[in-house]
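Taking it in order: structure first as structure tokens, then the write-up.
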Amino acid sequence: MGRHSATSVASASKPRRRPASWFTKLRAVLAGALVLGVGAAVTVAAWNDSEFAQGTFSASTFGIVGATNGVDFSEHPDAASAAALTFTAPFDAMSPGSTAYAAYSVQTTADSTVGGTVALSAASGNSTGLGQWLTYSVRTIAGADCNATTFAGGESVATDGTATRTLSSGGSDQVNYCFAITLPAGTPNEAQGTSVDASWTFTATSSS
5 MGRHSATSVA
15 SASKPRRRPA
25 SWFTKLRAVL
35 AGALVLGVGA
45 AVTVAAWNDS
55 EFAQGTFSAS
65 TFGIVGATNG
75 VDFSEHPDAA
85 SAAALTFTAP
95 FDAMSPGSTA
105 YAAYSVQTTA
115 DSTVGGTVAL
125 SAASGNSTGL
135 GQWLTYSVRT
145 IAGADCNATT
155 FAGGESVATD
165 GTATRTLSSG
175 GSDQVNYCFA
185 ITLPAGTPNE
195 AQGTSVDASW
205 TFTATSSS
């Protein structure tokens, strides 16, 4: 009887293991997840490199100059600095049936990087004074020598701004205009002593 009692006491005094609490289990799960996360970060990493590109843009340059002799070109940008055309006689003493001629050449400036076109327009004041009886005719000619012969062989140009002629870049070529101004036969006596300051505008437009 006594031996049995001793055994029972020993068994009763031995501590029982408690099951792991929910908090302990959660810590274990989180620790495992942390380890997995580190491993995942390492596998996602990759080499990288970059390329860069740029562009520089510049505007074109375009301008025109004119010459009354086909050689000495310079700028005449407004009415105040208009080139004085050199008309043949009798431009300053015209009688019925007479015609005066004058040349004017246009080209692009030496630093023009693009070509374009040029159009001719007559000023509205050309029809005042003596101008109401004068006839104005303009043609483009091969050279800069404007007279009755070269005018006859030229190509007619409208003076309303609609007729264009081609201009090359860098002043590589020129357009030569020949003006023929005539006081027609049969002009009335009232035209005597009258005059007119006629003018024209050359408008150039660059190519795209």
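Just so we're aligned, residue 5 is where the sequence shown starts under the working numbering, counting upward by one.
Each residue gets a CB set at the ideal place from its N, CA and C atoms; glycine is no exception.
Annotation note: the segment 110-192 contains the following uninterrupted alpha helix (DSSP H) runs of length 4 or greater, listed N- to C-terminal: 152-156.
Cβ-Cβ distances below 6 Å link TYR105 to THR92, CYS150, ASN151, ALA184 in the same chain, with the five nearest sequence neighbours on each side left out; the list follows chain order.
Shown here, ALA71 sits in a strand according to DSSP, grouped into three states. DSSP, reduced to helix, strand and coil, places ALA107 within a strand of the structure shown. DSSP places TRP204 inside the beta strand (DSSP E), whose first and last residues are 204-210.
Put simply, the backbone Cα of THR198 is about 5 Å away from that of LEU134. Beta bridge pairing from DSSP links SER78 with GLY70.
Around the beta carbon of ASN180, a 10 Å sphere encloses 16 or more other beta carbons of the protein chains shown; the residue is thus reported as buried. Relative to the Cα of TRP137, the nearest Cα in the group GLU79, GLY70, SER173, ASN193 belongs to ASN193.
ALA107 and GLY59 have their C-alpha atoms roughly 46 Å apart.
Within the same chain, THR117, VAL118 come within 6 Å of SER64 by CB-CB distance, once the 5 residues on both sides are set aside. In the DSSP assignment, SER102 is bridged to LEU187.
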